[in-house]
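Residue 0 in numbering that gives the first Met the number 0 sits at position 1 of the sequence shown, and the numbers go up by one each step. From the three backbone atoms N, C-alpha and C, an ideal C-beta is built for every residue, glycine too. What follows is a set of notes on a single structure, which appears directly below.
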Amino acid sequence: MPVGTFSALRPDITVGRQHTLAEQIVVLRLGHRIPRDLRVTTHVCLTARAFGADGLILADVVDTALEKTILDVCKRFGGSFWIRMGEPWRQAVKDWKSKGGEIAHLTAYGIPLPEAMEAINASPRPKLVVVGAEKVPGEVFEAANWNVAVTNQPISEVSALAMFLDRYFEGRQFSKEFENAQLRIIPSAHGKKVVNLTEPGG
Ligand code: SAM
0 MPVGTFSALR PDITVGRQHT LAEQIVVLRL GHRIPRDLRV TTHVCLTARA FGADGLILAD
60 VVDTALEKTI LDVCKRFGGS FWIRMGEPWR QAVKDWKSKG GEIAHLTAYG IPLPEAMEAI
120 NASPRPKLVV VGAEKVPGEV FEAANWNVAV TNQPISEVSA LAMFLDRYFE GRQFSKEFEN
180 AQLRIIPSAH GKKVVNLTEP GG
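Below you can see the structure in the form of structure tokens.
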């Protein structure tokens, strides 16, 4: 059974570790269009996972192709990253706030990342990082504790998220361990070295 997933179409497969909210940093992906955004949202998820986020909520829609790809990566490369789909974004934001969490919305219109990060890091509360696809409703700008700009130029949400998480974790993602992995990539100056941990001696 894949770890930590909830599909609105398959509520029977809800599994995974119970998070204490205090340790969480979760990404909320808004405005995902099926099938148009599959590739970019996949990259948002992979970046969130690799850079240390606990999980991702895909707002309003269920995309089972996306879910399958991410769960497959999680299964092969390990870790406890989870993905949930189909929750209305207003509900996700409301729930997050009602549990004491804070919201950082990534937008070219916000305040510069280095400035915002000082305040974000000064607060120990769990963070929901909102990234858009199509136009983001004005209500999100209002709901956010911080509207954060990774430069005030339009850029890819994948690069915005990577920059945000890199500053948030201050590079700790480079030594992050992914438990229960089947495959581990061994850093190598040339070529590709991958160990299959499910094989004897792996
Ligand atoms: N066309 C959309 C609009 O008018 O709002 C935005 C598309 S943009 C590629 C998608 C997402 O990337 C945005 O919702 C935002 O989360 C993120 N993004 C784009 N530029 C950004 C920037 N400079 N800083 C932070 N986030 C940014």
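Should residue 193 be labelled buried (16 or more other beta-carbon atoms within 10 Å of its own) or exposed?
Looking at its Cβ environment, which holds fewer than 16 other Cβ atoms inside 10 Å, residue 193 is exposed.
Out of 40, 127 and 72, point me to the one whose CA is closest to residue 146's CA.
127
Using 8 Å as the threshold, is the C-beta distance between residue 107 and residue 151 below it?
yes
I think residue 77 touches residue 148, with their Cβ atoms under 8 Å apart; what is that distance to the nearest whole Å?
Between residue 148 and residue 77 the Cβ distance is about 33 Å, and since that is not below 8 Å, they are no contact.
With distance defined between alpha-carbon atoms, name the residue in 51, 161 and 65 nearest to residue 35.
65
Would you say residue 153 touches the ligand SAM, meaning its beta carbon is less than 7 Å from a heavy atom?
yes
Using only the alpha-carbon positions, how far apart do residue 104 and residue 117 sit?
15 Å
For residue 30, I'd like the list of residues in its chain whose CB is within less than 6 Å of its CB, leaving aside the five on either flank, ordered along the chain.
Excluding residues up to 5 positions away in sequence, 131, 132 and 133 lie with their Cβ nearer than 6 Å to the Cβ of residue 30 in the same chain.
Tell me where the beta strand (DSSP E) around residue 85 begins and ends.
Where residue 85 is concerned, the enclosing beta strand (DSSP E) starts and stops at 81-86.
Considering only their Cβ atoms, is the gap separating residue 167 from residue 110 smaller than 8 Å?
no
Does residue 154 get closer than 8 Å to chain D when you measure Cβ to Cβ?
Absent from the structure is chain D; it holds one protein chain and no more.
For the segment 110-197, list the alpha helix (DSSP H) runs that are entirely contained and at least 4 residues long, ordered along the chain.
112-121, 137-142 and 156-168
Alpha carbon to alpha carbon, how far is residue 24 from residue 161? Give it in angstroms, no decimals.
13 Å
Would the C-beta of residue 130 count as close to the ligand SAM, meaning under 7 Å from any of its heavy atoms?
yes
If we call anything under 8 Å between Cβ atoms a contact, is residue 156 one with residue 60?
no
On the DSSP bridge list, what partners appear for residue 236?
Only positions 0 to 201 of the chain appear in this structure, which leaves residue 236 out of reach.
Can you give the beta carbon distance from residue 175 to residue 51, rounded, assuming they're within the 8 Å contact cut?
6 Å
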